[in-house]
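K.L.:
Take this structure first; my questions come after.
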Amino acid sequence: MKNLKQAKKILKTVKNYDDKLLSRTTGLSETLSQLLKDYLPEGLLDDIKEIDKLTVQKKRALIDYISKAVEQIKLEEEEKKEKTVNLLPLEKFFSIQIKDLKLLKPIEKRAFKKVGIQNLYDALFFFPKRYDDRRFKSLSKIKDGETGLFRLEVLDIKKINRGKLKVQVFLKQGDKKLNAFFVHDKPFLFSYFRKGKEVILYGKVSVYGKDISIIQPEIYNQFDPVIMDRIVPVYSLRGDSTVKITSQTINHLRRGIFKILKEYLPLFPEYMPENIRKKYKLPGITEALKKVHFPDISENIKDLNNLQTRPQTRVIFDELFILELAYAYRKNLLKENPAEAIKTDNNFTEKFESILPFKLTEDQKKAIKDILNDISKPSPMNRMVQGDVGSGKTVVAIAASLAVAQSGNQVAVMAPTEILAQQHYRNFKNILGETVEIYLLTGSTPNKEKKKIYRKMETGEAKIVIGTHALIQDEVKFKNLALVIVDEQHRFGVEQRKALIEKSGKVPHVLVMTATPIPRTLALTYFGDLDVSVIKQLPSGRKKVETMIYYEDEREVMNSFIRKELEKGRQVFVVYPLIEDSEKIDLKSAEEGFKKWKEAFPDRKVILLHGRMSQEEKDRIMEDFRNKKADILVSTTVIEVGVDIPNASVMVIEDAYRFGLSQIHQLRGRVGRGKYKGYCFLVVPEEFKYRSDSPEIEKKREKALQRLKILVSTTDGFKIAEEDFKLRGSGDIIGTAQSGKFYFGLADPTRERDSKILEYAKKEAEKLIEEDPHLEKNPLLKELVYRKYGDRFNLVNIA
Ligand code: ADP
Ligand code: MG
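Counting in the numbering used here, the sequence shown runs from 38 upward without gaps.
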């Protein structure tokens, strides 16, 4: 800075020299190039070095040029200084509360409170749901049906009586005329529309030839820069429809956010690394936020409402990027923990296959290879095996367990219900026989037996323990738990998983098994830090479940088919949908259905299973059904995923259109698992059979049938899940509890474009974590990761 000042002084002095003096002046080359060497580009410095040799005119021109360049430097330096000095730390945006802001009126603060916004950050990142076009429009360019704001001069006003229309106002703009109509004749209209006065109206116009009219427009007394002559944000609550936002609230929010943007946005620090921003041509965060709330006047309103503008893209990218960054960060933290490195022979898989009564599919082999590779490292595995019902995931789990048991370490296999735990236990025993010590530990294990198992777990003798929540009781201790297998992950709380992980000194490897095919976008969104192995191939010889749609009036045809199956000794599942999120209604629909089925099959034993029963009751009923004590099991959607009833051959889905496709797909995987062919019947209302005159109902009908036909035509769980995802969003696949976990402001991974952004965001997040694993060089990003996902991802405990 000192050098710069000195150079400026010299430049100022020599600029005032006359030609004679200037031509005689030497030593400028040396002095100036020295003083300015840190400030100017090399090309210019080279020129400066030659300055002494130049003619007077050229010398003067160059000095002028350098002076200007130097002035520029000053500006940039000061700007930088100004910026860094005045920026607020990111943390302040979270700590400064809306209620404490002097710049907002109480009524505006109340509006923020209503929508749950407490601090500055929340306010800046509370985005409009859509936009209204409130730009001033010219009558000469307006098209029929367009909405706009108009500045007009009043020509006349009179009462009329034309149907509903009671008042007509004659207005003009330039040489164009407009008629405004009102459906009431309140006196204030007459004081507002005085002849010759300039007024501002907002509304949708109709154009018929030369006639331009507007009905019941909004009227304004004066120009208001927040809501006029611009594209105006319309705020609303996402996800929560119980809180009603009135247009007044929206207006207060607009004004409040407008003020906050003006006062605080310039102080908001950029957190995104410049290289990423440049690579994807993303605008700076302050510019993006400003324009997402109050877009440029020239912006395309369609693009805005489709979330296609650059500023919106920046926000969407950020939301997905920070999520993926949180995943990458957590994944890395986890990897830094020590885990038992499990070594296996090269030919482990072949040896394992030789004890099986069948050949492994290629996908099974690949999954086993992935797992063996993961657990051979001294950092914890976190892998999910995805595969349709019946694709043979259990065998993969058994292989992994055997590898760990053979290394002298322990395995815990955790199932969501007692009956599933028992089933796993039988499967493990069947394949591994007496070669490994395997125990079953559930709530109903007798106390004496429990104590014995606890002891064996503590000494390390029990190599594989299969169980339910009983596995995470306080008394339970493992000697060297190296692998935890969780069946059907999303029925299983994060907390329980954590508890199990905490039961061993080292962090165990974790293997999650799920029958829900999860589309890639969803997997990235909800299980971003899990490695995934997919089993797509079904074991050979597996017959596909024949799926058919039955309309209500064809029920008797279906029932006679079912009677034949029952005569052959088969069993039947009947499932009723959860009509609302209410157990009461749920129970009612199943109970009524239960009655119907008993009437239709008076000579058969029909039993009922519903969500209000205790787990023990449910387990007992399933066990009865398994043991053929009943022929038909009527239930709500509580049928345990994964329960094997080899003798069942028919799955009836009542009101099938109410189910998610993946859900039905899983349900039908329950039948045809033994040696018998399986059938899945989708029952839909009779109305669905015929075209409807109402376009609305017809659309619904078509969509429902189109969805169900996907099930008839394919058995590829992934294809079904993709379709479901496109048609109904993520809730059906992940379960609503999980899918509600992430509230993005603008991003929606179900949108094609966002799913692409998600891929880029993931790539960049992983790269960043590779370069800066603890985000020490990116403290603002770290802060955002912790603020948004710290609790949810349990980052504090992992770190
Ligand atoms: P999932 O848990 O994926 O629903 P399971 O592991 O329970 O499926 O397997 C379903 C049935 O298929 C079991 O009876 C199992 O023994 C059998 N099975 C698994 N893998 C194969 C295979 N490669 N070939 C033939 N049968 C298999
Ligand atoms: Mg299974």
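Yeah, the Cβ is synthetic: ideal placement off N, Cα and C, and Gly gets one too. As the structure is a prediction and not an experimental result, all values here were calculated from the model.
Using a Cβ distance threshold of 8 Å, determine whether the region 680 to 687 contacts the region 713 to 720, with at least three qualifying pairs required.
P.N.:
Output reads yes: the region 713 to 720 touches the region 680 to 687.
K.L.:
Exposed or buried, which one is serine 175 when buried takes at least 16 other CB atoms within 10 Å?
P.N.:
Within the sequence shown, the letter at position 138 stands for residue 175. Counting Cβ neighbours within 10 Å, serine 175 comes out exposed, since fewer than 16 surround it.
K.L.:
Quick one, are the C-beta atoms of valine 720 and glutamate 628 less than 8 Å apart?
P.N.:
Position 683 of the sequence shown, counted from the first residue, corresponds to residue 720. Position 591 of the sequence shown, counted from the first residue, corresponds to residue 628. Their beta carbons are not under 8 Å apart, which means valine 720 does not touch glutamate 628 by this criterion.
K.L.:
I need the straight-line Cα distance from glycine 606 to lysine 763, nearest angstrom please.
P.N.:
Mapped onto the sequence shown, residue 606 falls at position 569. Mapped onto the sequence shown, residue 763 falls at position 726. Spanning the two alpha carbons is a distance of roughly 40 Å.
K.L.:
Below 8 Å, can you find three or more Cβ-Cβ pairs linking the region 479 to 489 to the region 414 to 428?
P.N.:
The region 479 to 489 vs the region 414 to 428: no contact.
K.L.:
Please state the DSSP three-state secondary structure of isoleucine 682.
P.N.:
Taking the sequence shown and counting its residues from 1, the one referred to as residue 682 is at position 645. Correct three-state label for isoleucine 682: coil.
K.L.:
Out of Ala499, Lys388 and Gly709, point me to the one whose CA is closest to isoleucine 468's CA.
P.N.:
Here residue 468 is taken as the residue at index 431 of the sequence shown, counted from 1. When only C-alpha atoms are compared, the closest one is Lys388.
K.L.:
With distances taken between CB atoms, is the gap from isoleucine 522 to serine 438 smaller than 8 Å?
P.N.:
Start at 1 with the first residue of the sequence shown, and residue 522 comes out as number 485. Start at 1 with the first residue of the sequence shown, and residue 438 comes out as number 401. Going by C-beta atoms, isoleucine 522 is nearer than 8 Å to serine 438.
K.L.:
Whole angstroms is fine: what's the gap from aspartate 84's alpha carbon to lysine 90's?
P.N.:
Within the sequence shown, residue 84 is the residue found at index 47, counting from 1. Within the sequence shown, residue 90 is the residue found at index 53, counting from 1. About 10 Å.
K.L.:
Contact between the region 544 to 554 and the region 417 to 425: three or more CB pairs below 8 Å?
P.N.:
The region 544 to 554 vs the region 417 to 425: in contact.
K.L.:
Would the beta-carbon of glutamine 401 be found less than 7 Å away from any heavy atom of ligand 1?
P.N.:
The residue you call residue 401 lines up with position 364 of the sequence shown. Under cutoff, so the answer is yes.
K.L.:
Throw me the rounded Cβ distance for the valine 822 and isoleucine 359 pair, which I believe falls under 8 Å.
P.N.:
Stepping through the sequence shown from its first residue, residue 822 is reached at position 785. Stepping through the sequence shown from its first residue, residue 359 is reached at position 322. Rounded, the Cβ-Cβ distance is 6 Å, consistent with contact.
K.L.:
For a minimum of 4 consecutive residues, which ranges assigned as the alpha helix (DSSP H) are wholly contained in the region 718 to 801?
P.N.:
Counting whole runs of 4 or more residues, the region 718 to 801 contains the alpha helix (DSSP H) stretches 732 to 750, 754 to 765, 768 to 771 and 773 to 776.
K.L.:
Closer than 7 Å to a non-hydrogen atom of ligand 1 - does that hold for the CB of phenylalanine 395?
P.N.:
Along the sequence shown, read from residue 1 onward, the residue named residue 395 stands at position 358. Flag set: Cβ of phenylalanine 395 near ligand 1.
K.L.:
Can you check which of these residues, Thr386, Glu390, Lys514 and Lys396, is closest to lysine 406 by C-alpha distance?
P.N.:
What you label residue 406 is simply residue 369 of the sequence shown in a count that begins at 1. If we check each option's Cα against that of lysine 406, Thr386 comes out closest.
K.L.:
Whose C-beta lies closer than 7 Å to the C-beta of leucine 124 among residues of the same chain, with five residues either side of it excluded?
P.N.:
In the sequence shown, residue 124 corresponds to position 87, counting from 1. Contacts found: Leu304 and Pro306.
K.L.:
Would you decide whether aspartate 840 is buried or exposed? Buried here means 16 or more other CB atoms lie within 10 Å of its CB.
P.N.:
The shown model of the chain, from 38 to 836, leaves out residue 840, and the question about it has no answer.
K.L.:
Starting from the C-beta of asparagine 369, find all residues in its chain whose C-beta is less than 6 Å away, skip the five residues before and the five after it, and write them out in chain order.
P.N.:
For this step, residue 369 is matched to residue 332 along the sequence shown. Counting only Cβ-Cβ distances below 6 Å, and skipping sequence neighbours, we find Ile806 and Pro810.
K.L.:
Would you mind giving the Cβ-Cβ distance between valine 269 and arginine 171, rounded to the nearest angstrom? I have them listed as a contact below 8 Å.
P.N.:
What you label residue 269 is simply residue 232 of the sequence shown in a count that begins at 1. What you label residue 171 is simply residue 134 of the sequence shown in a count that begins at 1. 5 Å between Cβ atoms; contact.
K.L.:
Less than 8 Å between C-beta atoms, sequence neighbours within five positions excluded: which residues of the same chain meet that for leucine 393?
P.N.:
As a working mapping, residue 393 is identified with position 356 in the sequence shown. Around leucine 393: Val432 and Ile468.
K.L.:
Please check the pair isoleucine 237 and phenylalanine 260, which I expect to be a contact at CB under 8 Å, by giving their CB distance rounded to whole angstroms.
P.N.:
Taking the sequence shown and counting its residues from 1, the one referred to as residue 237 is at position 200. Taking the sequence shown and counting its residues from 1, the one referred to as residue 260 is at position 223. Indeed, because the Cβ distance is near 7 Å, the residues count as touching under 8 Å.
K.L.:
CA-CA distance, phenylalanine 227 and isoleucine 194?
P.N.:
The sequence position of residue 227 within the sequence shown is 190, counting from 1. The sequence position of residue 194 within the sequence shown is 157, counting from 1. Straight-line Cα distance between these residues: approximately 7 Å.
K.L.:
Considering only their Cβ atoms, is the gap separating asparagine 342 from tyrosine 168 smaller than 8 Å?
P.N.:
Within the sequence shown, the letter at position 131 stands for residue 168. Within the sequence shown, the letter at position 305 stands for residue 342. Against a cut-off of 8 Å, the Cβ pair of asparagine 342 and tyrosine 168 comes out as a contact.
K.L.:
Considering only their Cβ atoms, is the gap separating leucine 140 from glutamate 300 smaller than 8 Å?
P.N.:
Locating residue 300 in the sequence shown gives position 263, where the first residue counts as 1. Locating residue 140 in the sequence shown gives position 103, where the first residue counts as 1. Yes, the pair counts as a contact, with Cβ atoms nearer than the cut-off.
K.L.:
In the DSSP assignment, find the unbroken alpha helix (DSSP H) run with alanine 449 in it and report its ends.
P.N.:
Against the sequence shown, residue 449 aligns to sequence position 412. Per DSSP, alanine 449 belongs to no alpha helix (DSSP H); it is in the beta strand (DSSP E), 447 to 451.
K.L.:
Using a Cβ-Cβ cutoff of less than 6 Å, which residues in the same chain neighbour leucine 73 once the five nearest sequence positions on both sides are dropped?
P.N.:
Working through the sequence shown from its first residue, we reach residue 73 at position 36. Cβ within range, chain order: Ala44.
K.L.:
Would you check if the region 139 to 159 and the region 280 to 287 touch, i.e. whether three or more CB-CB distances between them fall below 8 Å?
P.N.:
Short answer: they touch.
K.L.:
Kindly examine ligand 4 and report whether one of its heavy atoms sits closer than 7 Å to the Cβ of valine 680.
P.N.:
This structure lacks ligand 4; its bound ligands are ligand 1 and ligand 2.
K.L.:
Among Ile135, Phe230 and Tyr308, which has the Cα closest to the Cα of proline 816?
P.N.:
In the sequence shown, residue 816 corresponds to position 779, counting from 1. Closest by alpha carbon: Tyr308.
K.L.:
Should the region 46 to 62 be regarded as contacting the region 92 to 105, the criterion being three or more beta carbon pairs within less than 8 Å?
P.N.:
Contact between the region 46 to 62 and the region 92 to 105 is present, because at least three Cβ pairs lie under 8 Å.
K.L.:
Hey, how far is the Cα of isoleucine 658 from the Cα of glutamate 455?
P.N.:
Along the sequence shown, read from residue 1 onward, the residue named residue 658 stands at position 621. Along the sequence shown, read from residue 1 onward, the residue named residue 455 stands at position 418. Answer to the nearest angstrom: the Cα atoms are 12 Å apart.
K.L.:
Glycine 246: which of Pro320, Lys793, Ser177 and Pro78 sits nearest, CA to CA?
P.N.:
Taking the sequence shown and counting its residues from 1, the one referred to as residue 246 is at position 209. It is Ser177.
K.L.:
Can you tell me where the beta strand (DSSP E) holding leucine 645 begins and where it ends?
P.N.:
For the purposes of this step, residue 645 is taken as residue 608 along the sequence shown, with counting starting at 1. 643 to 646 is the span of the beta strand (DSSP E), which, as asked, contains leucine 645.
K.L.:
Please name the residue, chosen from Ser792, Ala519 and Leu69, that lies closest to proline 375 on a Cα-to-Cα basis.
P.N.:
Your numbering for residue 375 matches position 338 in the sequence shown. It is Ala519.
K.L.:
Could you check whether the region 598 to 605 touches the region 734 to 753, counting it as contact only if at least three pairs of C-beta atoms, one from each stretch, sit closer than 8 Å?
P.N.:
No, the region 598 to 605 is not in contact with the region 734 to 753.
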